[in-house]
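For reference, the structure discussed in these notes is given below.
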Amino acid sequence: MTTLQAGDKAPNFKALDQDGNTITLDDYKGKKLVVFFYPKASTPGCTAEACNLRDNYQTFQAQGYEIIGVSADSAKRQQNFKNKFELPYPLLADEDKKVIEAFGVWGPKKFMGKEYDGIHRTTFVIDENGVISEVIAKVKTKDHAAQIL
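If you want it as structure tokens, here you go:
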């Protein structure tokens with residue numbers, strides 16, 4: 134789906150998180166960053182993925198990684214998701230899909246025989262210099278941390 138590949142410069146983004154704070158790629162200069170895109174907060178697959186990353190958060194931190202989740206949900210829905218599952222990282226409320234489209238993860242999907250446009254569950258691992266080191270398109274929601282670390 135996405136045309137971004139390892140070795141590409143990550144798109145510079147700016148979006149609000151669940152608390153209305155502005156988050157940009159520049160905020161993470163000098164750090165490794167995991168940006169995971171998910172279709173909808175509080176749905177089974179997205180919850181499994183977010184909680185798997187939460188459960189391994191200390192390991193990510195110990196290895197110098199920060200994490201950001203992104204979906205087109207409202208800030209209120211993101212805040213409820215973050216609070217309900219005690220997620221230790223920010224969730225971007227990308228309602229206008231600027232970040233989603235910059236990373237190329239919006240497009241046609243199929244579910245139960247129906248076609249529609251939506252977010253493709255994709256994770257980007259970005260190095261300290263803002264360069265994509267890995268793109269994970271086949272996300273294992275229950276064991277996602279192991280795909281990254």
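Everything in the sequence shown is counted per the working numbering, starting at 134 for the first residue and increasing by one.
Glycine included, each C-beta is placed from N, C-alpha and C at the ideal position.
On a predicted model such as this, the values are computed, not experimentally measured, just so you know.
Residues bridged to residue i (per DSSP)
i, result
"Pro-241", "Asp-250"
"Thr-255", "Phe-170"
"Ser-204", "Ala-226"
"Leu-149", "Thr-155"
"Tyr-198", "Lys-165"
Nearest candidate by alpha-carbon position, reference residue i, set the options
i, options, result
"Gln-286", "Pro-221, Phe-236, Asp-160 and Asp-152", "This structure does not reach residue 286, given that the chain is present from 134 up to 282, and the question cannot be answered."
"Asp-260", "Gln-196, Ile-156, Thr-136 and Cys-179", "Gln-196"
"Gln-138", "Lys-215, Phe-257 and His-253", "Phe-257"
"Thr-274", "Ala-181, Asp-227, Tyr-171 and Pro-223", "Ala-181"
"His-277", "Lys-243, Lys-217 and Phe-193", "Phe-193"
Three-way DSSP call (helix, strand, coil) for residue i in this model
i, result
"Val-232", "helix"
"Lys-289", "Summary: the structure shown does not reach residue 289, with the chain confined to residues 134 through 282, and so no result is reported for it."
"Lys-142", "strand"
- Message: When you compare the segment 182 to 189 with the segment 138 to 157, are there three or more beta-carbon pairs, one atom per stretch, that lie closer than 8 Å?
- Response: The segment 182 to 189 is not in contact with the segment 138 to 157.
- Should the segment 241 to 248 be called in touch with the segment 261 to 271, which here means at least 3 C-beta pairs below 8 Å? Verdict: no, contact absent.
- Item | Contact between the segment 165 to 179 and the segment 202 to 217 (3+ Cβ pairs under 8 Å) | The segment 165 to 179, when compared against the segment 202 to 217, does touch it at the 8 Å Cβ threshold.
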